[in-house]
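Student:
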Amino acid sequence: MAARAAVEFDLLATASAMADVLTADRRHIHMHPELGFEERETSAFIQRRLSDAGVTFEAGIAGTGVLATIAGSGGAGKTVLLRADIDALPIDEQADVPYRSQNPGVMHACGHDAHTAILLGTARVLAADRLRFAGTVKLAFQPCEERFPGGAIKMIEAGVMDNPTVDAAFGLHCTPQLEAGSFGFRVGPASAASDRFTISVIGRGGHAARPNSCVDAVVVAAHLVVLLQTIISRETPPIQPAVLTVGAIHAGDAHNVIPGEATIRGTVRTYDTGLREQIADRLRELVTGAARAMRAEAKVDYVFGYPSLVNDGPMTDLARSVALDLVGAEAVFVAEQALGGEDMAYFLRRAPGCFFRLGTGNRARGITYGNHHPRFDVEEAALPFGVAAMAGVALRFLGS
Ligand SMILES: [Zn+2]
Ligand SMILES: [Zn+2]
88 MAARAAVEFD
98 LLATASAMAD
108 VLTADRRHIH
118 MHPELGFEER
128 ETSAFIQRRL
138 SDAGVTFEAG
148 IAGTGVLATI
158 AGSGGAGKTV
168 LLRADIDALP
178 IDEQADVPYR
188 SQNPGVMHAC
198 GHDAHTAILL
208 GTARVLAADR
218 LRFAGTVKLA
228 FQPCEERFPG
238 GAIKMIEAGV
248 MDNPTVDAAF
258 GLHCTPQLEA
268 GSFGFRVGPA
278 SAASDRFTIS
288 VIGRGGHAAR
298 PNSCVDAVVV
308 AAHLVVLLQT
318 IISRETPPIQ
328 PAVLTVGAIH
338 AGDAHNVIPG
348 EATIRGTVRT
358 YDTGLREQIA
368 DRLRELVTGA
378 ARAMRAEAKV
388 DYVFGYPSLV
398 NDGPMTDLAR
408 SVALDLVGAE
418 AVFVAEQALG
428 GEDMAYFLRR
438 APGCFFRLGT
448 GNRARGITYG
458 NHHPRFDVEE
468 AALPFGVAAM
478 AGVALRFLGS
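Each residue of the sequence shown is one higher than the one before, counting from 88 in my numbering.
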């Protein structure tokens, strides 16, 4: 119970005392954004800051990833992994701030700069001499979250969940829809599996006035688009969320020519793994069968993206209890289910854990733009709350 007392006693005060450093770190990373798997400067910065704090680490994991390890002075125990993603987006920053991106066309528009600064701050808190806890904290600075296949799976393949085996994993994400100083939690699926498909229809082109000597790829494609909609409406359980959207359809470029080829592209979003596979199977069967029935051929390229992110019940309760102690019930909310992809999902498939939302908005200051917006920004007063929550969750788990 010693660790638990420490959580409630002074974590927010400790994190708040380093607010200036957190802001400086976040601004440095924000000004020097790098795309996924190209985070060389960012990785070097992380390594410098960990060295400054006397934290041991291993670099070059999955390319630019860094894994820091802090063994508690209280002896052996459980192992908890805390994760931050470190990559930026191919967006030209429009925000008029003194710490604007110095790399044209690249921007930290998803708050991964804040995630990184928060995890560096968490490392400093947990490495402090006076803090005693049993067990091990691993801090994973993960490259490339924004682009499939992402850095999480590569770090896992490199062994970050092993030696010692990770018993629980936690992460957070900046959320401008919540005010700074608040948190959001959700048990169960919190983001959807995000898959994509490309269908190539191959018919036989020819003169628009001689359809009988052609196989019209446009007509076949039109049937396929309608048929695809019956997968969700007629074949999946109505109480399970699933979306199938055709986002692009291309064929032909003349009034009087029947095109011999058409391409259909789309995305499928689901929470349930079985349903995810069922939809992929049925899409292939329907598309190839229907095309054949119409004398055409269809090829399906179906790519499974990030799986759905599922928060564990007890681990979410544990993380929420830390937030309740930090900010009180009036600032702890139920997080919305999102349909975006998030590769933290891979860590949470290997160990129970929770990915929670850190409020980073400030309506009074106009910090309200959504993630991936060119004017996205983070209310930096939220950074100490992120540090206190991450450190608190780790300590409470290890002390439990
Ligand atoms: Zn993002
Ligand atoms: Zn993100």
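Every residue, glycine too, gets a C-beta built ideally from N, C-alpha and C.
So Leu331 packs on Ala377, CB below 8 Å; how close in whole Å?
Tutor: Their Cβ separation, rounded to whole angstroms, is 15 Å, which puts Leu331 and Ala377 out of contact at 8 Å.
Student: Confirm, please, whether the CB-CB distance from Ala295 to Pro461 is below 9 Å.
Tutor: Going by C-beta atoms, Pro461 is not nearer than 9 Å to Ala295.
Student: Leaving out five residues on either side along the sequence, give the residues of the same chain with a beta carbon under 6 Å from the beta carbon of Val465.
Tutor: If we look at Val465 and ignore the five residues flanking it on each side, its Cβ neighbours are Gly198, Ala201, Cys261, Thr447.
Student: Exposed or buried, what is Arg489 when buried is set at 16 or more other beta-carbons lying within 10 Å of its beta-carbon?
Tutor: The chain is shown from 88 up to 487; residue 489 falls before or after that span and cannot be answered.
Student: Could you tell me which of Ala380, Ile351, Asp404 sits nearest to Gly271, measuring between CA atoms?
Tutor: Asp404
Student: Return the first residue and the last residue of the beta strand (DSSP E) that Gly440 is part of.
Tutor: 440-448
Student: Let me make sure I understand the geometry here. Which of Leu373, Met118, Val153, Ile133 has the alpha-carbon closest to that of Val193?
Tutor: Met118
Student: From which residue to which residue does the beta strand (DSSP E) around Pro276 run?
Tutor: Taken as a continuous stretch (DSSP letters only), the beta strand (DSSP E) holding Pro276 covers 275-278.
Student: May I ask which residues mark the beginning and end of the beta strand (DSSP E) holding Asp172?
Tutor: 166-172
Student: Within a Cβ cutoff of 8 Å, which residues of the same chain sit near Pro401, ignoring the five residues on either side of it in sequence?
Tutor: Taken in chain order, the residues that qualify are Pro439.
Student: Suppose you measure from the CA of Leu99 to the CA of Ala468; what does that come to, to the nearest Å?
Tutor: Per the coordinates, the alpha-carbon of Leu99 lies some 12 Å from the alpha-carbon of Ala468.
Student: For Gly258, count neighbouring C-beta atoms within 10 Å of its own C-beta (all shown protein chains included) and say buried if the count is 16 or more, exposed if not.
Tutor: buried
Student: For Gly453, which option in Ser103, Ala338, Ala182, Thr375 has the closest C-alpha, if you only look at C-alpha atoms?
Tutor: Ala182
Student: Taking the CB atoms as reference points, tell me whether Val153 and Ala146 lie closer together than 9 Å.
Tutor: yes
Student: Below 8 Å, how does it come out for the segment 417-430 and the segment 229-248: are there three or more Cβ pairs, yes or no?
Tutor: yes
Student: Taking any heavy atom of ligand 4 as the mark, which residues have a C-beta closer than 6 Å to it, listed down the chain?
Tutor: Because ligand 4 does not appear in the structure shown, any question about it cannot be addressed here, the ligands present being ligand 1 and ligand 2.
Student: Sort out for me which residues DSSP pairs Val348 with in a bridge.
Tutor: According to the sequence shown, residue 348 is Glu rather than Val. According to DSSP, which records beta bridges pairwise, Glu348 is partnered with Ile289.
Student: Identify the residues that DSSP records as bridge partners of Lys386: which are they?
Tutor: Ser287
Student: Using only the alpha-carbon positions, how far apart do Leu213 and Glu244 sit?
Tutor: 26 Å
Student: For Glu95 and Asn250, I'd like the C-alpha separation in whole angstroms.
Tutor: Model confidence at Glu95 stands at a pLDDT of 42, short of 50, so the residue's coordinates are unreliable and nothing is read from them.
Student: Pick from Leu122, Ile133, Phe132: whose alpha carbon is nearest that of Pro177?
Tutor: Leu122
Student: For the beta strand (DSSP E) containing Val397, name the first residue and the last one.
Tutor: For Val397, the enclosing beta strand (DSSP E) covers residues 396-398.
Student: Suppose only complete runs of 3+ residues qualify. What are the beta strand (DSSP E) ranges in the segment 304-375, listed by chain order?
Tutor: 329-337, 348-357
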